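**Q** One structure coming up, written as structure tokens, with questions to follow.
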Amino acid sequence: MLEREETRSEVEPGDHERFAHYVRKEKIMESAMTGKPVIALCGKVWVPGRDPNKFPVCPVCKEIYDGLRAPQDGDGDSAQ
Numbered sequence: 002m003l004e005r006e007e008t009r010s011e012v013e014p015g016d017h018e019r020f021a022h023y024v025r026k027e028k029i030m031e032s033a034m035t036g037k038p039v040i041a042l043c044g045k046v047w048v049p050g051r052d053p054n055k056f057p058v059c060p061v062c063k064e065i066y067d068g069l070r071a072p073q074d075g076d077g078d079s080a081q
């Protein structure tokens with residue numbers, strides 16, 4: 002007998018408008034420990050809490066990461 006495992010994606014209202022953003026690794030670790038918000042390369046400020054793999058990459062963050070725009074995250078150096 003074969004069993005099929007049902008997988009459900011936890012989707013909340015507005016998730017279709019969400020993106021996965023690029024943030025410096027050390028800032029993510031700091032946020033996880035302190036609860037302080039992070040600033041993405043595109044300038045978005047929030048406290049991470051969702052799985053970024055469930056969302057498409059922010060197009061502005063991607064352009065910045067690829068070197069097509071200047072970072073808006075206040076640090077001035079490139080993402081790693």
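Numbering (my numbering), first residue to last: 2 to 81. Cβ atoms here follow ideal geometry from the backbone N, Cα and C, with glycine treated the same way. Fair warning: this is a prediction, and the values are worked out from it, not measured in the lab.
#1: Return the CA-CA distance between proline 49 and tyrosine 23, expressed in angstroms with no decimal places.
#2: Please determine, among Ala71, Glu64, Phe56 and Arg70, the residue with the shortest C-alpha to C-alpha distance to arginine 19.
#3: What does the alpha-carbon distance come out to for the pair glutamine 81 and proline 60?
#4: So the candidates are Arg70, Trp47 and Leu42; which of them puts its Cα closest to the Cα of serine 32?
#5: Would you mind working out which of Pro38, Met30, Cys43 and Val39 sits nearest valine 58, comparing C-alpha positions?
**A** Working from what's here:
#1: 11 Å
#2: Phe56
#3: Because the pLDDT of glutamine 81 is 37, which lies under 50, any placement of that residue in the model is unreliable, and the question is left without a value.
#4: Nearest option by C-alpha distance: Trp47.
#5: Cys43
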